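Beneath this line is the structure, given in structure tokens, with notes to follow.
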Amino acid sequence: MSSIEVHILASGSDGNCSVICTEDTMIMLDAGISGRRIANLMGRVGLDPHDLDAILLTHEHSDHVSGAGIMSRKYKVPICCNRSTLACSNIGAVHDTILFQTGSRFEIGCLSVDPLPISHNAADPNSFYVHYEDKNVLLATDLGKVGAEVFAALREADMAIIEANHDVQMLINGPYPPRLKSDIRSDRGHLSNVDCAHALWATHSEKRKVFLAHLSKNNNTPLLARRTVSRTLGCKEDRIDCMMCPDDLRSIII
């Protein structure tokens, strides 16, 4: 039985970038930090950017695409996204493009990818549900609510990288203006710790590894996120992983 590696290079308000690879295929999910930093972080986990087969983009916001253009040009990697995301991304010239339709499965090397629709304030945002043989990895961030497609994927995923963006009380009592607070809490905003916990509880799976992603540096802490989710799931906090430190990395083999 073959394995799949998941490397979370950056996750949070300042940028998001992950790499999924097998023996034959390597894809990047979002590139929301500088190209130089991406290359450095890949080197730290033993990966070569020249081996990338595609850079997949969930949506056009800068914390998901800021390094995509330079990575594509420098390492001759195609950008893979839907037409609306490409039009709105402002990433400059790219080596090549692979366009998909949200909701329609496509293949990159030996990986199958389902781009699932999500609810977020972007042109045509999606999550990614990646399949390799009998392994399934879900990346679902920047979603104001958990829709039916992501909910179904959560039930089957061997690993779920899911948003736990904010603690509601920290957000309410924090310095953001009322309009921004309302946008974040809306159905087109970001998933709270509590909402994330409820989604994981409702799709309970003993086999699933959970990584809490896209934590807000102003409205959350790793301790709060882990505690909220673990208490809801009735498990120990060390079973739930997350990170916020810019120089932190996570590598998981499934």
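Its first residue numbered 859, the sequence shown is counted upward by one per residue in our numbering. We treat Cβ as the ideally placed atom computed from N, Cα and C, and that holds for glycine. Just so it is clear, the structure is predicted and the values come from calculations on it, not from any experiment.
Burial state of residue i, where buried means 16 or more other Cβ atoms lie within 10 Å
{"i": "G1002", "result": "buried"}
{"i": "A945", "result": "exposed"}
{"i": "L1049", "result": "buried"}
{"i": "K1075", "result": "exposed"}
{"i": "N874", "result": "buried"}
{"i": "L915", "result": "buried"}
{"i": "E918", "result": "buried"}
{"i": "G893", "result": "buried"}
{"i": "L957", "result": "exposed"}
{"i": "A912", "result": "buried"}
{"i": "L910", "result": "buried"}
{"i": "G1047", "result": "buried"}
{"i": "A951", "result": "exposed"}
{"i": "H989", "result": "buried"}
Sheet register partners of residue i (DSSP bridge)
{"i": "A897", "result": "DSSP lists no partner for A897."}
{"i": "F986", "result": "P973 and L997"}
Test item: CB-CB of residue i and residue j under 7 Å
{"i": "F986", "j": "L969", "result": "no"}
{"i": "S920", "j": "A1071", "result": "no"}
{"i": "T960", "j": "D992", "result": "no"}
{"i": "T955", "j": "I937", "result": "yes"}
{"i": "I878", "j": "I1112", "result": "no"}
{"i": "T1061", "j": "R1013", "result": "yes"}
{"i": "V971", "j": "A1018", "result": "no"}
{"i": "G927", "j": "I896", "result": "no"}
{"i": "S930", "j": "G890", "result": "no"}
{"i": "V1087", "j": "A1055", "result": "yes"}
{"i": "N1051", "j": "A1083", "result": "yes"}
{"i": "L974", "j": "V1004", "result": "no"}
Cβ-heavy atom distance, residue i to the ligand PLP, below 6 Å
{"i": "L905", "result": "You won't find the ligand PLP in this model; it holds no ligand whatsoever."}
Integer Cβ distance of residue i from residue j, believed to fall under 8 Å
{"i": "D1000", "j": "E1021", "result": "7 Å"}
{"i": "A1015", "j": "V995", "result": "7 Å"}
{"i": "C1100", "j": "L1073", "result": "6 Å"}
{"i": "S1109", "j": "H865", "result": "5 Å"}
{"i": "H1024", "j": "N1078", "result": "5 Å"}
{"i": "L887", "j": "S876", "result": "5 Å"}
Q: Could I get the ranges of all uninterrupted alpha helix (DSSP H) runs contained in the region 1010–1060, with 4 residues as the minimum, in chain order?
A: 1026–1031, 1036–1043 and 1051–1060, all fully within the region 1010–1060.
Q. Which whole runs of the beta strand (DSSP E) in the region 879–953 are 3 residues long or more, in chain order?
A. As for any beta strand (DSSP E) of minimum length 3 sitting wholly inside the region 879–953, the runs are 884–889, 912–914 and 937–939, ordered along the chain.
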